[in-house]
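Taking numbering that gives the first Met the number 0, the leading residue of the sequence shown gets 0, the next gets one more, and so forth. Where a beta carbon is used, it is the ideal one built from N, C-alpha and C, also for glycine. This structure is a prediction, so every number in the text was calculated from the model and none was measured.
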Amino acid sequence: MSAKRQQLMQALRGALPSANLLWQKEDTAPYECDGLAAYRTLPLAVALPENEAQVQAVLKVCNEFGVPVVPRGAGTGLSGGAMPMQEGIVLSTAKMNQILNIDPLSRRATLQPGVRNLAISDAAAPYGLYYAPDPSSQIACSIGGNVAENSGGVHCLKYGLTVNNVIQVRAVLMDGEVVEFGTEALDAPGLDLLAVMIGSEGMLAVVTEVTVRLVPRPPVARVIMASFDDMTKAGNAVADVIAAGLIPAGLEMMDKAATRAVEEFVHAGYDLDAEAILLCESDGTEEEVTEEIERMSAVLRQSGAIRIQVSQSEAERMVFWSGRKNAFPAAGRISPDYYCMDGTIPKKAIATLLNQIKEMEDRYGLRCMNVFHAGDGNMHPLILFDGSDEDQWHRAENFGNEILEACVALGGTITGEHGVGIEKINTMCVQFDEKERDAFFGVKAAFDPAKLLNPDKAIPTLHRCAEYGRMHVHRGQLPHADLPRF
Ligand SMILES: Cc1cc2nc3c(=O)[nH]c(=O)nc-3n(C[C@H](O)[C@H](O)[C@H](O)COP(=O)(O)OP(=O)(O)OC[C@H]3O[C@@H](n4cnc5c(N)ncnc54)[C@H](O)[C@@H]3O)c2cc1C
């Protein structure tokens, strides 16, 4: 161990209880990747602070030694945002998992960053309240990770993403300073730095406390399962529902490959003859739900649904949703590996993209399952491959990049909720030009001038874009023609 590294470890030992610093290979190995398991790196050490003062102490030490820090919640991220750096420290919030306060009167909950998403709703349930953003990983993912990724879920179509449900955030900057974002009031003067923090992928500050909005649990909820004999009709039906002025509590789509994989796994009662199914939920009072289900069914029939089934009990509703919520693990059962993409597109383009993906499946010689937040236009194609075959992994990566580029071409974006991390850093070059990327770096520098907090994630450098061969070309002029192209 080099002298500098020894000094760093000694300083970190002074910042934390001894059991809260891991540095032996067998202890740090579980942190070598997040949900994007294809990329792995062992960190120098893992710090597990128990409170904000310890977060401050760890960051101050790393700042002094010029050592990068990668914040980590539950490690369920799918874009490599929590992947360690070889010469860096992972700061895990796993031990900061206390619910600090639930206030049913103001319908708010204040949480440490390591609190699991589902634990918030469990704690609020006795008051008839819950936390609306519900990523499919909600049983495991942390609220700190949700803030960093601006996570969404099935119910975000009606209730909004993390950014619409978080009121205040407390965080620590790289130099140890504590900063607060947001206010208890409805609005505040000045720039909306809370919105800047949400979705900042651990690059600006380490979140140490989050105050969220809780909403009343609707008395009734029912879900329609609509079958289509044609993917294009199903895709267009999504746009038709929204165009009819309906805002379902959830509007999800699964293609035949997805329903088949899921049915074998959880027996959700899906129509296996259908080319695609839509799950369309209504919640509210009995009268509201009855009326809305009727209107939704009429639109879906008009759009070509060949079968409509409405959940008749809460148990049946949960069974319908269990299939959707287990789609990712179901993909893991039928393929050694899968690569989950996360682009968004305007709803009217869903059918176009699905048909383009079909054509790509043939070209890349790989299967793809489609299961996604259709109402948000947030696509999650799952590319199935075998990671032990390097050629298949290479094809899966290219397949994924082509899907994201198609999303941008259709007027969408390269990520809806999983973040950029390291996974989509190249495709950022397709979506943003040099000036825009400079603006992002400018924001980062305002929070983290030494570029030590989760560096090299989410914002690509000019060199990286040149290497990827995707630089914004203005009027046929190749910018920075002097940069080598690889
Ligand atoms: C099966 C499965 C299903 C999923 N479904 C969804 C879904 O429906 N919707 C969705 O949005 N996502 C989904 N995800 C992705 C993932 O669960 C979310 O992005 C989640 O918010 C990550 O939370 P985490 O605690 O695991 O964060 P991590 O993976 O540990 O970290 C994610 C990012 O947040 C940063 N970070 C974590 N904690 C902090 C903190 N305290 N301060 C600052 N930065 C921090 C990290 O540096 C990293 O960049 C899914 C993942 C899986 C495996």
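When C-beta atoms of the region 176-193 are compared with those of the region 125-137, fewer than three pairs fall below 8 Å, so the two segments do not count as touching.
At a threshold of 6 Å, Asn19 does not count as near ligand 1, since its beta carbon sits no closer than that to any of the ligand's heavy atoms. Within the DSSP secondary-structure output, Leu250 pairs in a beta bridge with Cys279. Taking a contact to require three or more Cβ pairs closer than 8 Å, the region 221-231 and the region 180-198 do not qualify as touching. Listed in chain order, the non-local C-beta contacts of Val168 below 8 Å within the same chain comprise Val146, Glu179, Phe180, Gly181, Leu193, Met196, Ile197, Val206, Glu208, Val209 and Thr210, local neighbours out to five positions each way being set aside. Its chain contains Ser281 as the residues whose beta carbon lies nearer than 6 Å to that of Glu291, once the 5 sequence neighbours on both sides are disregarded; these appear in chain order. In this structure, DSSP gives His372 an extended state, which the three-state scheme calls strand.
Your pair Ala373 and Met230 does not check out as a contact, with CB atoms roughly 12 Å apart and the cut at 8 Å. Take Gln55, set aside five residues on each side of it, and the residues of its chain with a beta-carbon closer than 6 Å to its own are Val171 and Gly175, in chain order. In terms of side-chain proximity, the C-beta atom of His154 is found no nearer than 6 Å to any non-hydrogen atom of ligand 1. The nearest non-hydrogen atom of ligand 1 is 6 Å or more from the C-beta of Cys406. Ser302 has its alpha-carbon roughly 45 Å from the corresponding atom of Val442. If you check the C-beta of Glu148 against ligand 1, you find a heavy atom less than 6 Å away. In this structure, Ile142 is the residue among Ile142, Leu58, Thr109 and Ala52 with its C-alpha nearest to the C-alpha of Ala93. Within its own chain, the residues whose Cβ lies closer than 7 Å to the Cβ of His379, once the five positions on either side in sequence are excluded, are Cys339, Met340, Asp341, Val370 and Phe371, listed in chain order. Taking all protein chains shown into account, Asp33 has 16 or more neighbouring C-beta atoms within 10 Å of its C-beta and is therefore buried.
Relative to ligand 1, even the nearest heavy atom lies 6 Å or more away from the CB of Cys32. DSSP places Tyr338 inside the beta strand (DSSP E), whose first and last residues are Asp336 to Cys339.
Annotated three-state conformation of Thr207 is strand, per DSSP. Beta-bridge partners of Phe439 (DSSP): none assigned. The count of Cβ pairs closer than 8 Å, one atom from the region 314-322 and one from the region 350-359, stays below three, leaving the stretches out of contact.
Beyond the five residues adjoining it in sequence on each side, Gln137 comes within less than 6 Å, by CB distance, of Asn116 and Leu117 in the same chain, given in chain order.
Looking at the DSSP output, Gln9 bridges to nothing. Taking all protein chains in view, the Cβ of Pro328 is surrounded by fewer than 16 other Cβ atoms within 10 Å, so the residue is classified as exposed. Scanning its chain for C-beta atoms nearer than 6 Å, with the 5 sequence neighbours on each side dropped, one finds no residue around Glu263. Cβ atoms of Arg463 and Cys428 come within 8 Å of each other, at about 7 Å. By the Cβ-count criterion, Ser312 is exposed, with fewer than 16 other Cβ atoms from all chains shown falling within 10 Å of its own Cβ. In the DSSP secondary-structure assignment, Val309 is bridged to Ile223. A direct Cα-to-Cα measurement between Arg12 and Leu20 gives close to 7 Å.
Straight-line spacing of the CA atoms in Gly386 and Asn397 works out to 14 Å. CA-to-CA, the gap between Asp102 and Leu213 works out to about 9 Å. Counting every other CB atom within 10 Å of its CB across the protein chains shown gives Leu271 a total below 16, marking it as exposed.
Here the region 420-434 makes contact with the region 454-463; the two share three or more CB pairs at distances below 8 Å. In the structure shown, Cys367 adopts extended strand secondary structure according to DSSP, grouped into three states.
Between Ala267 and the set Glu358, Ala10 and Gly322, the nearest pair of CA atoms involves Gly322. The continuous beta strand (DSSP E) containing Thr109 extends over residues Arg107 to Leu110.
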